[in-house]
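Q: One structure coming up, written as structure tokens, with questions to follow.
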Amino acid sequence: DTGVSQDPRHKITKRGQNVTFRCDPISEHNRLYWYRQTLGQGPEFLTYFQNEAQLEKSRLLSDRFSAERPKGSFSTLEIQRTEQGDSAMYLCASSPRRGNQETQYFGPGTRLLVL
Amino acid sequence: TQLLEQSPQFLSIQEGENLTVYCNSSSVFSSLQWYRQEPGEGPVLLVTVVTGGEVKKLKRLTFQFGDARKDSSLHITAAQTGDTGLYLCAGAQGSGNTGKLIFGQGTTLQVKP
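Chains A and B, in that order, are what the protein sequence lines are.
Quick note: the first sequence uses my numbering, first residue 90, plus one each step.
Quick note: the second sequence uses my numbering, first residue 31, plus one each step.
Here you go:
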């Protein structure tokens, strides 16, 4: 079991550019989550997939953000026309879902800096 | 809006001291998780508590879930410098929902030698 992986670990981009992040969950985990964390705060929920279906999106996810999980395995998060306010750590987590216990395992994150 | 309030926000102690971090909410959670996060890394799961009144121990760390499943505490005995980090509590909304986590703002712990 290799854990959740994310790529890239760091991304520096100029305002207005598009960026894409990838998340590979723990194998056989059917639930995948994206969170965003800014300095000094806890992570905030962005969106959630069960298998390939995107079942919930936060109001934080503006129309410049899009996430996919085409085959129910890895997921991508794209930000179009990046703004300085998008600078944050983007975290991915996966969960196998067992009964009422929603234990999530996080990846190392992708730190985005928009100049 | 469900909120989780953590206290204290910052804690600086000497090695060997004991400490308690609190996580409180007005909402009921089906489970609550504690994570530790190092700078530039993702949160690492410490424990999940599910049953009201539950107490779990992980070496020098003791976790308690309130009877009403609205609050939790983390107690560290004889803190070590390796305990330094950001401690996050996170509540899950329960079965039938997405299971998305609501996080507290975190407690930054510094253990000095």
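Where is the CB? At the ideal position from N, CA and C, for every residue including glycine.
Looking at chain B, which residues of the stretch 91–103 of chain A have a Cβ within less than 7 Å of any of its Cβ atoms?
A: Per Cβ criterion, the list is empty.
Q: Compare the C-beta of A/Arg-163 against all C-beta atoms of chain B and say whether one is closer than 9 Å.
A: Residue 163 of chain A sits at position 74 when you count from the first residue of the first sequence. According to the sequence provided, residue 163 of chain A is Phe. The question's Arg does not apply to it. So, not an interface residue.
Q: Could you list which residues in chain B have their beta carbon closer than 8 Å to that of A/Thr-192, in chain order?
A: As a working note, residue 192 of chain A is residue 103 in the first sequence. Within chain B, the residues near A/Thr-192 are Ser-61, Gln-63, Leu-75, Thr-78.
Q: Quick one, which of B/Gly-129, B/Ala-98, B/Gln-140, B/Phe-93 has its alpha-carbon nearest B/Gly-112's?
A: Reading the second sequence from its first residue, position 82 is the one you call residue 112 of chain B. The candidate whose alpha carbon is nearest that of B/Gly-112 is B/Gln-140.
Q: Starting from the beta carbon of A/Pro-114, find every residue of chain B whose beta carbon is closer than 9 Å, and list them in chain order.
A: Position 25 of the first sequence, counting from 1, holds the residue named residue 114 of chain A. Per Cβ cutoff of 9 Å: no residues; A/Pro-114 is ~13 Å from chain B at best.
Q: Put A/Gly-174 into one of helix, strand or coil per three-state DSSP.
A: Locating residue 174 of chain A in the first sequence gives position 85, where the first residue counts as 1. A/Gly-174: helix per DSSP, three-state reduction.
Q: Counting contacts by CB-CB distance shorter than 9 Å, is B/Ser-37 in contact with chain A?
A: As a working mapping, residue 37 of chain B is identified with position 7 in the second sequence. Not one chain A Cβ lies under 9 Å of B/Ser-37.
Q: B/Ala-98 CB to nearest chain A CB: under 9 Å?
A: For this step, residue 98 of chain B is matched to residue 68 along the second sequence. Not an interface residue.
Q: State the DSSP-derived secondary structure class of A/Asp-96, mapped to helix, strand or coil.
A: On the first sequence, position 7 is the one that residue 96 of chain A refers to. Correct three-state label for A/Asp-96: strand.
Q: Would you mind telling me which residues of chain B sit closer than 7 Å to A/Pro-185, beta carbon to beta carbon, in chain order?
A: Counting from 1 along the first sequence, the entry for residue 185 of chain A is found at position 96. Going along chain B, no residue has its Cβ under 7 Å from A/Pro-185, so there is no contact; the nearest lies around 11 Å.
Q: Do the stretch 35–47 of chain B and the stretch 149–164 of chain A touch if we need at least three Cβ pairs shorter than 8 Å?
A: Result no; under three Cβ-Cβ pairs closer than 8 Å.
Q: I'd like the ranges of any alpha helix (DSSP H) spanning at least 4 consecutive residues and lying wholly in the stretch 51–98 of chain B.
A: If we require 4 residues or more, the stretch 51–98 of chain B turns out to have no alpha helix (DSSP H) run fully inside it.
Q: Grab me the residues of B/Gly-82's own chain with a C-beta within less than 8 Å of its C-beta, minus the 5 sequence neighbours each way, in chain order.
A: As a position in the second sequence, residue 82 of chain B is number 52, starting the count at 1. Phe-95, Gly-96, Asp-97, Ala-98, Arg-99, listed in sequence order.
Q: Per DSSP, B/Thr-138 is paired with what?
A: Here residue 138 of chain B refers to the residue found at position 108 when the second sequence is read from its first residue. BP columns for B/Thr-138 point to B/Phe-40, B/Leu-116.
Q: Would you mind stating whether A/Ile-115 and A/Thr-136 have Cβ atoms separated by less than 9 Å?
A: For this step, residue 115 of chain A is matched to residue 26 along the first sequence. For this step, residue 136 of chain A is matched to residue 47 along the first sequence. Not in contact: A/Ile-115 and A/Thr-136 (Cβ atoms no closer than 9 Å).
Q: Comparing C-alpha positions only, which one of A/Arg-200, A/Asn-107, A/Glu-191, A/Ser-183 sits nearest to A/Ser-164?
A: Your numbering for residue 164 of chain A matches position 75 in the first sequence. Looking at the Cα atoms, A/Ser-183 is the closest of the given residues.
Q: Let me know the secondary structure DSSP gives A/Thr-192 once reduced to three states.
A: The residue you call residue 192 of chain A lines up with position 103 of the first sequence. Here A/Thr-192 sits in coil by DSSP.
Q: Please report whether the beta-carbon of A/Glu-145 lies at a distance below 9 Å from any beta-carbon of chain B.
A: Indexing the first sequence from 1 puts residue 145 of chain A at position 56. Chain B, which has a Cβ nearer than 9 Å to the Cβ of A/Glu-145, makes this yes.
Q: Between the C-alpha atoms of B/Cys-119 and B/Lys-89, what's the straight-line distance to the nearest angstrom?
A: Start at 1 with the first residue of the second sequence, and residue 119 of chain B comes out as number 89. Start at 1 with the first residue of the second sequence, and residue 89 of chain B comes out as number 59. For B/Cys-119 and B/Lys-89, the distance between alpha carbons rounds to 18 Å.
Q: Is there a Cβ from chain E that is less than 9 Å from the Cβ of B/Gly-70?
A: Note that chain E does not occur in the displayed structure, where the protein chains are A and B.
Q: What is the DSSP secondary structure of B/Thr-28, counted as helix, strand or coil?
A: Since the first residue shown for chain B is 31 and the last is 143, residue 28 of chain B is missing from the structure and cannot be characterised.
Q: At 4 residues or longer, what runs of the alpha helix (DSSP H) sit wholly inside the stretch 106–169 of chain A?
A: For the stretch 106–169 of chain A, not a single whole alpha helix (DSSP H) run of length 4 or above is found.
Q: Tell me, please, which residues DSSP counts as bridged to A/Arg-200.
A: Here the question's residue 200 of chain A lines up with position 111 in the first sequence. Answer is A/His-99, A/Met-178.
Q: Between A/Arg-200 and chain B, is there a C-beta pair that is closer than 9 Å?
A: Counting from one through the first sequence, the residue named residue 200 of chain A turns up at place 111. Cβ-Cβ to chain B under 9 Å: yes for A/Arg-200.
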